[in-house]
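There are 2 protein chains.
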Amino acid sequence: MNDTPNTPASVGKIMLVGLGPGSHDHLTARARAAIAEADTVIGYVTYIRLVAELVDGKEVIKKSMTEELDRAIEAFDRARQGKKVALISSGDAGVYGMAGPTFEVLFQAGWTPESGVEVEIIPGASALNTCAALVGAPLTHDFCAISLSDLLTPWPTIARRLDAVAAADFVVALYNPKSGRRTRQIVEARRLFLRHRRPDTPVAIVKSAYRPRQRIEFTTLENMTDCDIGMLSTVLIGNSNTFVRHGLMVTPRGYRNKYDVESGATRDGEQAGRSLSTGLTGWLAGLHASGLCAAELAVLHRLPEDYIAALLAEPRDTGDTADEAAGAEA
Amino acid sequence: MNDTPNTPASVGKIMLVGLGPGSHDHLTARARAAIAEADTVIGYVTYIRLVAELVDGKEVIKKSMTEELDRAIEAFDRARQGKKVALISSGDAGVYGMAGPTFEVLFQAGWTPESGVEVEIIPGASALNTCAALVGAPLTHDFCAISLSDLLTPWPTIARRLDAVAAADFVVALYNPKSGRRTRQIVEARRLFLRHRRPDTPVAIVKSAYRPRQRIEFTTLENMTDCDIGMLSTVLIGNSNTFVRHGLMVTPRGYRNKYDVESGATRDGEQAGRSLSTGLTGWLAGLHASGLCAAELAVLHRLPEDYIAALLAEPRDTGDTADEAAGAEA
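Chains as they are written, first to last, in my numbering: chain E, 129 to 458; chain G, 129 to 458.
What follows is the structure in structure tokens.
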């Protein structure tokens with residue numbers, strides 16, 4: 129950087145720190161070091177409290193919940209003065225946290241990565257990971273996170289997302305499920321899910337994970353709206369294979385598709401380390417061999433007709449001959 | 129626990145440890161402590177290498193990629209002998225990691241939480257969090273994780289999920305995007321996404337996050353299949369609002385729906401700390417006031433007709449009067 133009169137004497141820095149669930153056990157070494165390095169720590173009052181012992185002697189700015197843009201503005205203000213600022217979020221700063229709002233504020237203010245204020249994001253485990261760890265293994269397979277907060281997002285957008293992932297059988301983590309003011313969104317989420325999922329689909333509600341007031345409740349899709357849910361809760365809705373046994377919520381990875389669980393042997397037509405017989409290659413072969421038209425296959429597989437038609441129109445793959453040499457699936 | 133001849137002298141334990149990205153900086157204190165506590169450490173050879181300095185003097189069992197069930201079986205075997213076993217995964221053990229397979233093996237073997245082998249899951253930041261932290265703030269809003277591996281999952285299931293989340297405008301992280309053998313799944317993912325998303329949708333491909341061979345490439349939905357993607361890569365596909373500026377990929381949180389970004393003032397009809405005018409309450413009012421029928425509203429809002437019909441049929445809410453006292457949105 130050239131030494132011009134406008135160059136700040138020292139380079140300021142904004143560190144977007146994900147605290148994870150907030151217990152010190154679950155802070156990463158880098159997160160802890162970032163807070164130690166900071167001159168100023170800014171965050172929602174509850175998060176500041178989580179790291180109270182680590183902020184002694186530092187400037188501490190506590191903000192209330194909806195003042196996210198303010199936090200980012202104050203962080204930038206200090207950093208421009210050459211200070212190191214830790215902007216803290218629970219969980220991961222990139223997941224409904226401070227990372228996005230901070231960049232929006234920085235860009236709006238004309239900041240660029242070369243302008244003398246450095247920005248570092250320190251990842252942490254998000255609520256869906258920490259809550260999942262307390263109830264078993266609910267995430268195992270494809271999952272989503274949806275926020276039920278409509279403070280910044282129109283309801284139809286949220287509703288379309290809920291309906292889409294319920295239909296496509298994802299495990300779903302609902303963030304911001306309910307508040308003093310927003311009580312009906314969780315009811316609507318249940319309504320949309322019940323269009324596709326069994327009423328007895330396992331649901332876990334975890335509040336204040338890894339903190340003193342931690343509370344875990346197992347329930348079902350049908351009954352979840354009768355449970356205690358608040359802003360400190362994360363709601364985990366299982367997919368159609370998720371089960372609860374011995375107080376643990378588990379989503380299978382799919383071994384039963386390939387292996388006989390009693391004997392451990394692979395099922396007829398399946399091979400360890402290879403795609404399923406209904407994986408892409410085998411499934412494509414089946415499409416061609418079926419003799420059915422695109423419209424019929426689209427209904428059978430619940431996929432768009434234009435997609436099936438495009439696949440049928442392509443020349444057949446010669447198979448994975450080039451891949452054979454690549455060895456077992458990594 | 130009663131002292132019967134069959135009770136083991138010491139209680140064994142399985143600790144399912146999420147290593148995060150693998151660099152020691154990003155290990156949580158609990159993850160590090162769990163490895164230190166272990167008599168035996170079991171994991172895929174690459175993950176063992178990441179914690180090589182921490183496993184001195186311990187029994188170390190290295191496994192290859194598809195031997196997940198074997199790792200769980202060996203862990204249970206040692207734990208039944210009273211040992212403490214760290215079963216390690218990169219990222220978070222609950223996300224396409226060892227947690228699900230381990231519980232499946234344990235239940236199959238007749239284990240219960242009271243049977244003398246304790247199980248603890250130690251959460252870590254998953255690849256989607258760590259990769260996101262390196263490229264900016266792509267996750268900010270609703271997101272999903274989908275594995276393109278069809279070793280245990282039929283292709284139509286994966287395809288339905290890809291199509292659903294592309295249509296519903298999620299940010300999407302693709303895990304296991306490509307391997308030596310599986311080269312076409314990423315092509316199909318692109319094809320399905322292009323049914324709904326602009327070809328210039330930002331995509332980031334991150335390989336070996338926070339490790340020596342880390343590599344980040346920014347591309348687009350259209351071009352991503354030309355890029356170097358492998359089993360150490362995570363592919364992040366933005367939603368329709370995601371943008372790239374100054375080398376950073378950012379998904380907006382939605383402030384523009386509520387605030388004028390130039391002045392910072394709330395837009396007409398909007399209030400800080402309250403649901404948008406198109407949040408659930410306002411949107412419902414709009415449905416009723418529109419004079420349109422369920423079928424027309426369903427097309428307009430791209431939501432199921434039966435859902436709209438059910439909403440129209442309900443008596444109107446008297447509004448959030450009970451919630452007014454609850455104070456500003458938390």
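Virtual Cβ for every residue (Gly too), placed ideally from N, Cα, C.
From the beta carbon of residue 187/E, is the nearest beta carbon of chain G less than 9 angstroms away? no
Entirely enclosed alpha helix (DSSP H) segments - the segment 208 to 278 of chain G, minimum 4 residues: 227 to 236 and 255 to 263
Residues near residue 455/G in its chain [Cβ-Cβ closer than 6 angstroms; skip 5 each side]: Reliability of the predicted coordinates at residue 455/G is poor, the pLDDT of 40 falling under 50, and the value obtained from them is presented with this limitation in mind. Within the same chain, residue 455/G has no close Cβ partners at all.
Report all residues from its chain with a CB closer than 7 angstroms to the CB of residue 426/E; omit the five preceding and five following residues, and keep chain order. 432, 433 and 436
Would you mind giving the Cβ-Cβ distance between residue 248/E and residue 143/E, rounded to the nearest angstrom? I have them listed as a contact below 8 angstroms. 5 angstroms
For residue 373/G: DSSP bridge partner residues: 376/G
I'd like to know whether the C-beta of residue 378/G is nearer than 9 angstroms to at least one C-beta of chain E. Closer than 9 angstroms: yes.
Roughly how many angstroms separate the alpha carbons of residue 275/G and residue 181/E, rounded to a whole number? 40 angstroms
What residues from chain E crowd round residue 381/G, counting only those whose CB sits closer than 9 angstroms? 196, 224, 228, 229, 232, 280 and 281
Identify the contact partners of residue 156/E in chain G, using a Cβ-Cβ distance below 9 angstroms as the criterion. Result: 148, 153, 154, 155, 156, 157, 159, 252 and 253.
Taking only the alpha-carbon atoms, compute the straight-line gap between residue 360/G and residue 329/G and give it to the nearest angstrom. 22 angstroms
Run through DSSP, which three-state label would residue 453/G get? Because the pLDDT at residue 453/G is just 37, under 50, the model does not fix this residue reliably, and the value given afterwards should be weighed accordingly. Note: residue 453/G maps to coil in three-state DSSP.
Measure from the alpha carbon of residue 195/G to the alpha carbon of each residue in 251/E, 401/E and 395/E, then state which is nearest. 401/E
Beta carbon proximity, residue 218/E to chain G, threshold 9 angstroms: no
First through last residue of the alpha helix (DSSP H) which encompasses residue 384/E: 383 to 386
For the segment 290 to 306 of chain E, which residues have a beta carbon sitting closer than 8 angstroms to at least one beta carbon of chain G? 291, 292, 293, 295, 296, 297 and 298
Using the Cα positions of residue 131/E and residue 240/E, report the straight-line distance between them to the nearest angstrom. Because residue 131/E sits at a pLDDT of 45, beneath the cut-off of 50, its placement in the model cannot be relied upon, and the point is left open.
Are the beta-carbon atoms belonging to residue 311/G and residue 331/G less than 9 angstroms from one another? no
Taking the alpha carbon of residue 201/E as the point to measure from, which residue in 314/E, 334/E, 373/E and 227/E has its own alpha carbon closest? Of the listed residues, the one whose Cα sits closest to residue 201/E is 227/E.
Could you tell me which uninterrupted beta strand (DSSP E) segments, each at least 3 residues in length, are contained entirely in the segment 270 to 350 of chain G, listed from first to last along the chain? 271 to 275, 299 to 303, 330 to 335 and 343 to 348
Using 8 angstroms as the Cβ pair cut-off and three pairs as the minimum, do the segment 263 to 280 of chain E and the segment 290 to 302 of chain E touch? yes
How far does the beta strand (DSSP E) with residue 364/G in it extend, from its first residue to its last? Looking at the DSSP string, the run of the beta strand (DSSP E) that includes residue 364/G is 361 to 365.
Leaving out five residues before and five after residue 198/G in sequence, what residues of the same chain have Cβ atoms less than 7 angstroms from its Cβ? 191
For the segment 404 to 433 of chain G, enumerate the residues whose C-beta is nearer than 7 angstroms to any C-beta of chain E, in chain order. Those would be 404, 406, 407, 408, 411, 429, 430, 431 and 432, in chain order.
Could you check what DSSP says for residue 406/G in three-state terms: helix, strand or coil? coil
Taking the alpha-carbon positions, what's the residue 187/E to residue 168/E distance? 5 angstroms
Please classify residue 468/G as buried or exposed, where buried requires at least 16 neighbouring CB atoms within 10 angstroms. Nothing can be reported for residue 468/G: it is not among the residues displayed for chain G, which extend from 129 to 458.
According to DSSP, simplified to helix, strand and coil, what is residue 131/G? Low local confidence applies: a pLDDT of 45 at residue 131/G is under 50, so the model's placement there is unreliable, and no value is given.
Measuring CA to CA, which of 318/G, 140/G, 146/G and 151/G is closest to residue 337/G? 151/G
Step through the CB atoms of chain G and report whether any lies within less than 9 angstroms of the CB of residue 375/E. yes
Between which two residues does the beta strand (DSSP E) containing residue 169/E stretch? Segment 168 to 172, the beta strand (DSSP E) holding residue 169/E.
What residue does the alpha helix (DSSP H) around residue 428/E start on, and which one ends it? 422 to 429
If I follow the unbroken alpha helix (DSSP H) through residue 436/G, where does it start and stop? 433 to 441
For the alpha helix (DSSP H) containing residue 163/G, name the first residue and the last one. Following the DSSP letters along the chain, one finds residue 163/G inside the alpha helix (DSSP H) bounded by residues 157 to 165.
Separation of residue 313/E from residue 147/G, as counted between CA atoms: 35 angstroms
Using a Cβ-Cβ cut-off of 7 angstroms (strictly less than) and excluding sequence neighbours within five positions of residue 439/G, which residues of its own chain qualify? 412 and 415
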